[in-house]
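Asks: Those letters in the sequence shown? Residues 20 to 125, by the numbering used here.
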Amino acid sequence: MPSQIKIKTSALGRLIKEEKLYKQETAEQAARVEKMKANGEDEYDIKKQIEVLKDTEQMVPVMRKKIDEMKASLEGILVSMRRILGGRLGGKVTPPLVLGMKLMKR
Numbered sequence: 020m021p022s023q024i025k026i027k028t029s030a031l032g033r034l035i036k037e038e039k040l041y042k043q044e045t046a047e048q049a050a051r052v053e054k055m056k057a058n059g060e061d062e063y064d065i066k067k068q069i070e071v072l073k074d075t076e077q078m079v080p081v082m083r084k085k086i087d088e089m090k091a092s093l094e095g096i097l098v099s100m101r102r103i104l105g106g107r108l109g110g111k112v113t114p115p116l117v118l119g120m121k122l123m124k125r
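Right, dumping it as C-alpha cells:
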C-alpha cells in the first residue's frame with residue numbers, strides 16, 4: 020500500500036508542475052501575441068499564435084481537473100493508511116504520508 024502512496028504523490032507533484040508550466044507558457048504566449056500586434060506583424064502569423072495561445076489556455080482547466088482527481092484519490096488512500104497504520108505506528112506518520120499530506124494542501 021505505501022507504494023501506492025508514493026506513486027500517487029509523485030503523479031500529483033508532476034501534475035502540479037505541469038499546470039504551473041502551462042500557466043507560464045500561457046503568459047509568455049500572450050506576451051508574444053501582443054508584441055506581434057504592436058510590431059504590426061503579418062495577420063496570418065498573429066492568427067496562428069493566437070491559436071497556439073488558445074490551445075495552451077485550454078490545458079490549464081484540464082490540468083486542474085486532473086489535479087483535483089488525483090488529490091481525491093490520494094486523499095482516499097491517505098485516510099485508509101492513517102486508519103490502518105495509526106495503531107501500528109503509535110501515531111507516527113511515515114515520510115510518504117507526510118509528503119502526500121503536504122501535496123494535498125496545494
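The C-beta atom is built at its ideal place from N, Cα and C for all residues, glycine as well. These numbers were taken from a predicted model, which means no experiment stands behind them.
(1) What three-state label does DSSP hand D61 in the structure shown?
(2) Which one of R51, K25, P80 has the shortest CA to CA distance from D64?
(3) To the nearest angstrom, report how far apart R83 and E38 are at their CA atoms.
Replies: Walking through what the data contain:
(1) coil
(2) R51
(3) 7 Å
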